[in-house]
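One structure below.
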Amino acid sequence: MESLEIGKIKIRVPIIQGGMGIAISKSGLASAVANQGGVGVISAAGIGMTEPDFEKNSRGANRRALRSEIQKTRSLTKGVIGVNLMVALSDYDELLKISVEEKVDIVFMGAGLPLKLPDFVMEMGFDAIHTRFVPKVSSAKAAKLIFQYWSQKFNHIPDAVVVEGPLAGGHLGFKMEELTGDVVPLNQLIRETVEILKEYKTPEGLEIPVIAAGGIYTGVDVVEIMKAGAKAVKLGTRFVTTHECDADLAFKQSYINSSEKDITLIQSPVGLPGRVIDSEFVQQIKRGETKPFNCPWKCLKNCNYKEVPYCISKVLLNSAEGKMDDGFAFAGYNAYRATKIVFVKEIFDDLIHGYDAEILKNQSLLKIGGVSSRAKVAV
Ligand SMILES: Cc1cc2nc3c(=O)[nH]c(=O)nc-3n(C[C@H](O)[C@H](O)[C@H](O)COP(=O)(O)O)c2cc1C
Numbered sequence: 015m016e017s018l019e020i021g022k023i024k025i026r027v028p029i030i031q032g033g034m035g036i037a038i039s040k041s042g043l044a045s046a047v048a049n050q051g052g053v054g055v056i057s058a059a060g061i062g063m064t065e066p067d068f069e070k071n072s073r074g075a076n077r078r079a080l081r082s083e084i085q086k087t088r089s090l091t092k093g094v095i096g097v098n099l100m101v102a103l104s105d106y107d108e109l110l111k112i113s114v115e116e117k118v119d120i121v122f123m124g125a126g127l128p129l130k131l132p133d134f135v136m137e138m139g140f141d142a143i144h145t146r147f148v149p150k151v152s153s154a155k156a157a158k159l160i161f162q163y164w165s166q167k168f169n170h171i172p173d174a175v176v177v178e179g180p181l182a183g184g185h186l187g188f189k190m191e192e193l194t195g196d197v198v199p200l201n202q203l204i205r206e207t208v209e210i211l212k213e214y215k216t217p218e219g220l221e222i223p224v225i226a227a228g229g230i231y232t233g234v235d236v237v238e239i240m241k242a243g244a245k246a247v248k249l250g251t252r253f254v255t256t257h258e259c260d261a262d263l264a265f266k267q268s269y270i271n272s273s274e275k276d277i278t279l280i281q282s283p284v285g286l287p288g289r290v291i292d293s294e295f296v297q298q299i300k301r302g303e304t305k306p307f308n309c310p311w312k313c314l315k316n317c318n319y320k321e322v323p324y325c326i327s328k329v330l331l332n333s334a335e336g337k338m339d340d341g342f343a344f345a346g347y348n349a350y351r352a353t354k355i356v357f358v359k360e361i362f363d364d365l366i367h368g369y370d371a372e373i374l375k376n377q378s379l380l381k382i383g384g385v386s387s388r389a390k391v392a393v
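First residue of the sequence shown? That's 15 in the working numbering, and the numbers climb one at a time after it.
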C-alpha cells in the first residue's frame, strides 16, 4: 500500500482506525494501530464518564481525561495518533483545544458538519498548529459545503476528508430509509467526492486525500475502494475484536457470537440511525421501553434529555464495560464476520497481504488480457 501524507504528517500504512465511543478506542487500541504504521484514534465522546467527579464536573472531567489519554497514547507509540471529535458534543470546542495543545497529529470531526471553527484556531493561525483537521461526511455535497465554507471564511481548507458510507458502525449520516434495501455503494460516494473536490488542492498542489470508511474489511476491499480514488481507508468494526481494543471482552464477544441477521438498525435518541448488534436490550428499546436516567449535563448539543427514552452515552458506556444487559454494541455491517479475537498486527498483516495478492492478481489478469488480445490480432 502506498504511504500517504496528510498535511505534513507522514502515514506509512494508509490504514486509519476509526474513533469509537464510548470507551471503545482509547490509548490501548490507538497506540497498537499507530505502532503498525497506521493512524490510531482516541474517541473523545464521553471520555470523562469514568472519572470520579464526572457527575459534578463533567466538562472538567472530559478535558482532564482526554489530555491524559492523549499523553498515555503518546507514551506507548511514536506513530501517528488522532482524536475523533463529534461536532454534536457540547464541549466540542474545548476538546478540540486540548487536542491541539497536546499536538495530536489529526483531529477527525464527525457527527455533524464542522463548518464553524472555534476562535482559538484563528487566533493561533493554522500554520502555528501542528494538528491537521479532517472532517467526516456521508456525501460529496457535504464535503463540498465544508470546503467552500472554510475557504471563504478561513482562507484555509481541510487537509483531507473521510467519506463514511452506509455500512459503517455507530451513528450514521443517512436517513433510515436510505439504509434499508439497496444502499448507495461506498465506491460511488468516493468517486463523487474525488470529482467534486478536484477544484481544491493541497498547499503542495496535490489532490485532497479522500479517505473511505464503512464496511471495509479485507485487503480486496481496500484495492476496490482505492480504485475508486480513495487514498486511505478507515476501519472501525474490524478493530473491535482485537486484544488491544479498550472495550470489555463481553463487548468483543457480542461481535463474535453474532450472525448476519443480528446486525440491525435503531433510531438513536439523538435523532440519527445507528447500527447495532441485536440483543434483548435492543428489543426492549425497539418496543419503546424507557430507561430512566439522571443527566448530569447535556453532553450532546441537540439532545432533548428530558424527553429521550434513554441516555445514549450511558447505554454505550455500559456496553463498553461489558454490561450487555444494560446497553448495546454499536457495530458495522460486517461485525458478524469476526470469528476470534486477534492482535492488531494480525489485522494489518492480513490487510496488507490481501491487498498485495489482489494487486498481483489484477496485474496478471491484465497481462493475460494483453496477450490474448495480441494473439487475436495475430490470428
Ligand atoms: C463500536 C463503534 C463505535 C463508534 N463510535 C463512533 C463515535 O463515537 N464517533 C464517530 O464519529 N464514529 C464512530 N464510529 C464510526 C467509526 O469511527 C468508523 O468511521 C466506522 O466504524 C467505519 O466503518 P466500519 O465499522 O464498517 O469499519 C463507531 C464505530 C463503531 C463500530
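By construction, the Cβ of each residue, glycine as well, lies at the ideal position given by its N, Cα and C atoms.
Everything numeric in this text was worked out from a predicted model, so none of it was measured.
Nearer than 8 angstroms: is that true of the beta carbon of residue i relative to any heavy atom of ligand 1?
i: Leu-127; result: no
i: Met-240; result: no
i: Lys-248; result: yes
i: Gly-229; result: yes
i: Gly-124; result: yes
i: Leu-365; result: no
i: Leu-109; result: no
i: Val-254; result: yes
i: Thr-207; result: no
i: Thr-251; result: yes
i: Phe-362; result: no
i: Met-338; result: no
i: Ser-57; result: yes
i: Glu-432; result: Within the shown structure, residues of the chain are numbered from 15 to 393, placing residue 432 beyond reach of any answer.
i: Gly-184; result: yes
i: Ala-244; result: no
i: Gly-54; result: no
i: Asn-201; result: no
i: Met-63; result: no
i: Val-197; result: no
Out of the options, which one is the CA nearest neighbour of residue i?
i: Val-175; options: Thr-145, Trp-164, Ile-222 and His-185; result: Ile-222
i: Gly-341; options: Leu-374, Val-224, Glu-191 and Gln-297; result: Gln-297
i: Gly-32; options: Asn-318, Ser-273, Phe-295 and Ala-246; result: Ala-246
i: Cys-259; options: Val-322, Ser-293, Phe-307 and Ile-38; result: Ile-38
i: Arg-81; options: Ala-48, Glu-69, Ser-41 and Ile-326; result: Ser-41
i: Glu-209; options: Ala-44, Ser-282, Gly-187 and Ala-244; result: Ala-244
i: Asp-339; options: Lys-130, Lys-328 and Gly-346; result: Lys-328
i: Pro-323; options: Lys-189, Pro-306, Val-224 and Phe-265; result: Pro-306
i: Phe-188; options: Gly-336, Ser-45 and Leu-279; result: Leu-279
i: Ser-13; options: Lys-215, Ser-273 and Ser-153; result: No answer is possible for residue 13: it lies beyond the span of the chain, which begins at 15 and ends at 393.
i: Arg-351; options: Ile-366, Arg-252, Gly-52 and Ile-299; result: Arg-252
i: Cys-309; options: Ile-326, Gly-219, Tyr-369 and Asn-98; result: Ile-326
i: Thr-91; options: Ala-46, Ile-120, Thr-64 and Leu-129; result: Ala-46
i: Arg-124; options: Arg-26, Pro-28 and Gly-184; result: Correcting the residue identity first, residue 124 is Gly in this sequence and not Arg. Ranking Arg-26, Pro-28 and Gly-184 by Cα distance to Gly-124 puts Gly-184 first.
i: Phe-295; options: Glu-116, Lys-312 and Leu-330; result: Leu-330
i: Ser-273; options: Ala-154, Glu-206 and Asp-292; result: Asp-292
i: Arg-205; options: Tyr-319, Lys-24, Arg-88 and Val-177; result: Val-177
i: Gly-346; options: Leu-374, Pro-287, Lys-300 and Thr-304; result: Pro-287
i: Thr-145; options: Ile-355, Glu-116 and Gly-52; result: Glu-116
i: Val-53; options: Lys-337, Tyr-369, Thr-87 and Ile-36; result: Thr-87
i: Gly-179; options: His-170, Phe-161 and Thr-207; result: Thr-207
i: Gly-219; options: Phe-362, Ile-171 and Ile-25; result: Ile-171
i: Ala-142; options: Pro-28, Pro-128 and Lys-22; result: Lys-22
i: Trp-311; options: Ile-382, Lys-320 and Leu-159; result: Lys-320
Short check: CB of residue i to CB of residue j, under 9 angstroms?
i: Gly-62; j: Val-101; result: no
i: Ala-334; j: Asp-276; result: no
i: Asp-173; j: Val-148; result: yes
i: Gly-74; j: Asp-67; result: yes
i: Phe-344; j: Met-34; result: yes
i: Ile-30; j: Leu-249; result: yes
i: Val-237; j: Asn-71; result: no
i: Leu-314; j: Val-290; result: no
i: Val-94; j: Ala-48; result: yes
i: Glu-372; j: Gly-233; result: yes
i: Asn-76; j: Asp-107; result: no
i: Gly-139; j: Val-121; result: no
i: Lys-167; j: Ala-264; result: no
i: Pro-78; j: Glu-69; result: First, the residue type needs correcting, since residue 78 is Arg and not Pro in the sequence shown. No, these two residues do not count as a Cβ contact at 9 angstroms.
i: Thr-256; j: Ile-366; result: no
i: Ile-355; j: Ile-270; result: yes
i: Ile-25; j: Ser-57; result: no
i: Ala-44; j: Val-27; result: no
Next on the checklist: Would the region 132 to 144 count as touching the region 104 to 114 if we require 3 or more Cβ pairs under 8 angstroms?
Outcome noted: yes
Checklist entry - Would you call the region 222 to 241 and the region 191 to 207 in contact, with 3 or more CB pairs under 8 angstroms? => result Contact holds between the region 222 to 241 and the region 191 to 207, because three or more Cβ pairs, one in each stretch, are under 8 angstroms apart.
Item to check | Complete beta strand (DSSP E) runs within the region 187 to 256 (minimum length 3 residues, chain order) | outcome: 224 to 227 and 246 to 249
Item to check | Complete runs of the alpha helix (DSSP H) confined to the region 46 to 95 [at least 4 residues] | outcome: 72 to 90
Item to check | Whole beta strand (DSSP E) elements within the region 142 to 188, 3-residue minimum | outcome: 146 to 151 and 175 to 178
Checklist entry - Unbroken beta strand (DSSP E) runs of length 3 or more, entirely within the region 264 to 320: which are they? => result 277 to 281 and 287 to 291
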